[in-house]
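All remarks here apply to the structure that follows.
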Amino acid sequence: MLSAIARRLAHPLLLLGVLCTAVATLRFHWAPDRVSPLVLIAVICYLAALERVIPHRIDWHPSGRELRWYGAYFVLSMLGGGLAQGLVSALVEALGPSRPALPFAVEIPLALLVGSLGDYLVHRWSHHNRWLWRLHGVHHVPAKVNVANNGVNHFLDVLFAQSVVQLLLAMIGFSADSVFVVGIFVMAQGYFVHANIDVRIGWLGHVLAGPELHRLHHSTDLAEAGHYASDLSLWDHVFGSFTWRPGRIPEAVGLTDPTAFPATGELGATLLHPWRRTKTTEQSV
């Protein structure tokens, strides 16, 4: 009974929490740079709890040793994200209007569409460009997908991707408030799609990305490993990278050539990998 309720309410409650947090932050003038980390922690704890209640695969639960390594990568990813936000926030404040040029109800969906498109294009480029793949491929090393290893990234990959998207929004002129609202939604969606939870969002998956779709992105079968969007899956439809159909699950996740990257536990080698003369097979479709 509990599992059935959790499957049905997991995603709606997550989106409701993001919406309520956004409204409260803007209504009571809370500091976005303080709210965002708290939202991140809350989202991770919520999804980690769901992974125990409604797991997709029990063998995808992280071991204690894996959690320690995942934690180290998470800290580095947060440093990369924080640096990106610090570099861009001043520009957002300078270029973004103090008051939205458009009604807020119009600006938010437009900012989401533009930011999601930018993230999609950067992500797809990271799978096709040889040097960017040396950074982004770090995220695809684990042979399991769960909320804990969503933070397994090269910090330069996080710095690059977040800087590009935030700069795009700033240069267009979206307000700082809209960038904040879109940011916490995208963050929540990013962890949701990576969670090891048995949740199916049905037809909504053709608009919003879900765990079923994103697991295919990590598939070792490149014929099905599309789904570069972690928020709005409609871009996968537009650019022909939507491969999911009901019941389709990957047989295995990870790298097509596991020897192309250092193991996740080899942190030093991973950080230096982009500059080493080693075989780095591009993983793209």
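If you number the sequence shown the way my numbering does, the last residue is 317 and the count never jumps.
We put the beta carbon where it would ideally sit given N, CA and C, even for glycine.
It should be emphasised that the depicted structure is a prediction, and the values quoted were computed from it without experimental measurement.
Cβ shell of residue i (< 6 Å), same chain only, five flanking positions each side left out
i    : result
A193 : V154
A144 : Position check: residue 144 holds Leu in this sequence, whereas Ala was assumed. Cβ within range, chain order: V214.
V317 : In this prediction, V317 has a pLDDT of 46, which is less than 50 and means its spatial position is unreliable; what the coordinates show is noted afterwards. Excluding sequence neighbours, V317 sits near L254, A257, G258.
D151 : V197
L79  : V179, Y223, A227
When the options are compared against residue i, the one with the closest alpha-carbon
i    : options          : result
A292 : S35, R162, L236  : R162
L266 : L236, A81, H250  : L236
L108 : N181, E139, V85  : N181
H246 : R277, F217, I216 : R277
L304 : F224, H61, N185  : N185
Neighbour-count burial assignment, residue i, 16 or more Cβ in a 10 Å radius
i    : result
E283 : exposed
L51  : exposed
V211 : buried
P243 : buried
G183 : buried
G147 : buried
I281 : exposed
H172 : buried
I37  : exposed
F136 : exposed
D91  : exposed
A56  : exposed
L41  : exposed
V225 : buried
Residues bridged to residue i (per DSSP)
i    : result
P87  : I229
V285 : S251
L240 : L264
Own chain, CB closer than 7 Å to residue i, minus 5 neighbours either side, in chain order
i    : result
G112 : F187, L188, V190, L191
L72  : M219
L99  : A180
G279 : none
W157 : L164
D230 : R39, I86, P87, H88
L58  : D209
Inter-residue Cα distance where the pair is residue i and residue j
i    : j    : result
F271 : Y105 : 31 Å
H259 : V239 : 12 Å
H43  : P294 : 34 Å
L164 : W307 : 11 Å
G297 : A175 : 13 Å
M219 : L70  : 12 Å
Q117 : D65  : 9 Å
H93  : V177 : 9 Å
I86  : S35  : 6 Å
V285 : T252 : 5 Å
R84  : G205 : 42 Å
V170 : D289 : 12 Å
I140 : G300 : 40 Å
I76  : A227 : 9 Å
I160 : W101 : Before going on, a small fix: residue 160 reads as His here, not Ile. Roughly 27 Å separates the two Cα atoms.
S68  : R166 : 29 Å
A241 : L47  : 13 Å
L324 : M33  : Since the displayed the chain opens at 33 and closes at 317, residue 324 lies outside it and no answer follows.
A74  : I216 : 11 Å
H249 : L287 : 11 Å
T302 : Q221 : 26 Å
G234 : T275 : 14 Å
L1   : L201 : No answer is possible for residue 1: the residues shown for the chain start at 33 and end at 317.
M366 : L82  : Because the chain is modelled from 33 through 317, residue 366 falls outside the range shown and cannot be assessed.
G49  : G114 : 23 Å
Close-in-space but distant-in-sequence residues of the same chain around residue i (CB under 8 Å, 5 per side omitted)
i    : result
H269 : H238
R309 : none
A54  : F212, V213, I216, F217
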